[in-house]
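Residue numbers (the numbering used here): 76 to 253. From the three backbone atoms N, C-alpha and C, an ideal C-beta is built for every residue, glycine too. Source: prediction; values computed, not measured. Comments concern the structure below.
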């Protein structure tokens, strides 16, 4: 058991370190499986494309994926990564309904060894989903497949939960200071 206050990414590293299977499925705690949550289809995509490391699905019928572009620095300053939402590359040769991307939503099947190699930055406590894929840029091959879907549970409005679920600007600012 981890002590409290270690952050989501430290917890993710611990969770992934315990996985003993070839793949693992990552979902948020408020996702609901449906008849369209065909994990076997994600496995089939991974098996037909051995170089693929992560394959994501859609949430409530919406695909959330992004691409990353690297802009070279000028020699004095460092380069810059640009995240572009809903930007994809080409379809997978054996799976025309799946597209190469650089990052996906928190509903994905991943090769355990690939995610363990990249890891999750434990300094990032709460606001850091895209950062995992940025850390894996050039190391992870990622795809998004819209035909496999999971639902997002609807909750009653609860101020305490909402404050936790949607971190404030302070969390964003602390991330940029690392």
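- About 4 angstroms separates the beta carbons of residue 175 and residue 164, which is inside the 8 angstroms limit, making them a contact pair.
- Within 10 angstroms of the beta-carbon of residue 211 lie 16 or more other beta-carbons, which makes it buried.
- Under the DSSP assignment, residue 206 falls in the alpha helix (DSSP H) whose first and last residues are 204–210.
- For residue 226, the three-state secondary structure derived from DSSP is strand.
- Counting only the Cα atoms, residue 148 lies some 39 angstroms from residue 104.
- Less than 7 angstroms separates the beta-carbon of residue 139 from that of residue 180.
- Counting C-beta pairs with one atom in each stretch, the segment 185–197 and the segment 85–94 have three or more that are closer than 8 angstroms, which means they touch.
- In the structure shown, residue 122 adopts helical secondary structure according to DSSP, grouped into three states.
- The segment 113–172 contains, as complete alpha helix (DSSP H) runs of 4+ residues, the segments 114–123 (chain order).
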